[in-house]
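Worksheet for the structure shown next.
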Amino acid sequence: MEKREKIQEIIVVEGKDDTRAVLQAVDAETAETHGFGLSVSIWPRLSKASESGRGIIILTDPDHAGESIRKKVMERFPDAKNAFLPKSEALKKGDIGVENASPEAIREALSKARASSSANAGEFRMKDLIEAGLSGRKGSRSLREKIGNQLGIGYANTGTMLRRLNSSGIRREEFYEALRSVDDPDDPESV
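In this text, residue positions in the sequence shown follow our numbering: the first is 627, and each later residue adds one.
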């Protein structure tokens, strides 16, 4: 049996199928929200993980409900790390969710988990996204998705991407390296 990497942080997921998928990928403890409303029982577990220094990683579905859950958890635990699965990795027969992702995709998302940081807060401006082709051009949406996946901050509209860039500790050099890597003229998939 393959030895799975041990994750210290408690991983917030939406349900038992997500837990099953995460446990196939890594050795970890999960906390299930049980949907959009979040069960009352989750808050004490997350408080304990946060206060003990163990930490929290949020890995919710790459959809509107998952983003809403992420925001609710982040309101209470702003130091939580965020892990994002690309939609393409979480889609199976029209259903989108963590439970559909391969163990490799889950491990990749967890390896790119980032905590919010004020270290570079405000470093990026809307002008930077426009100049990089992430807004206002044909193909901007696709390019934002590729950049979000490359940086581990997930797909986002322009405003949310700007917020994530500024709150995830991403440096300009890292941003431009990711942009170069996805905008490869020899790659037919690049924009």
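For every residue, glycine included, the Cβ atom is placed at its ideal position computed from N, Cα and C.
Q: Jot down the residue ranges of each uninterrupted alpha helix (DSSP H) in the region 673–710, minimum 4 residues, whole runs only, in chain order.
A: Taking only runs of at least 4 residues, the alpha helix (DSSP H) segments lying wholly in the region 673–710 are 690–702.
Q) Exposed or buried, which one is Pro-811 when buried takes at least 16 other CB atoms within 10 Å? A) Reliability fails at Pro-811, whose pLDDT of 47 lies under 50, so the model's placement of it is uncertain and the value that follows must be treated cautiously. With a threshold of 16 other beta carbon atoms within 10 Å, Pro-811 falls short and is exposed.
Q) Got a sec, what are the start and stop residues for the beta strand (DSSP E) Val-639 sits in? A) Segment 632–639, the beta strand (DSSP E) holding Val-639.
Q. Just curious, the beta strand (DSSP E) that Ser-654 is in, first and last residue?
A. Strictly speaking, residue 654 in this sequence is Ala, with Ser absent from that position. Segment 653–658, the beta strand (DSSP E) holding Ala-654.
Q) Straight-line CA distance for Ser-665 to Thr-659? A) If I take the Cα positions, the gap works out to 6 angstroms.
Q.
Along the chain, where does the alpha helix (DSSP H) containing Ser-794 start, and where does it finish?
A. Run containing Ser-794: none; DSSP gives neither H nor E here.
Q | 9 angstroms Cβ cutoff met for Leu-672 and Val-699 | A | Closer than 9 angstroms, so yes.
Q | Identity of the residues DSSP links to Arg-740 by a beta bridge | A | The partner list for Arg-740 (beta bridge, DSSP) reads Asn-708.
Q: Could you check the C-alpha separation between Ala-691 and Gly-661 for me, to the nearest Å?
A: Inter-residue distance for Ala-691 and Gly-661 is about 8 angstroms (C-alpha atoms, whole angstroms).
Q.
For Arg-630 and Lys-753, what's the separation of their Cα atoms in angstroms?
A. Approximately 43 angstroms, taken between the alpha carbons.
(Q) Mapping the DSSP letters down to three states, classify Thr-645 as helix, strand or coil. (A) If DSSP states are grouped into helix, strand and coil, Thr-645 belongs with the helices.
Q | Ser-676 to Ala-657 span [Cα, whole Å] | A | Distance between the alpha carbons of Ser-676 and Ala-657: 13 angstroms.
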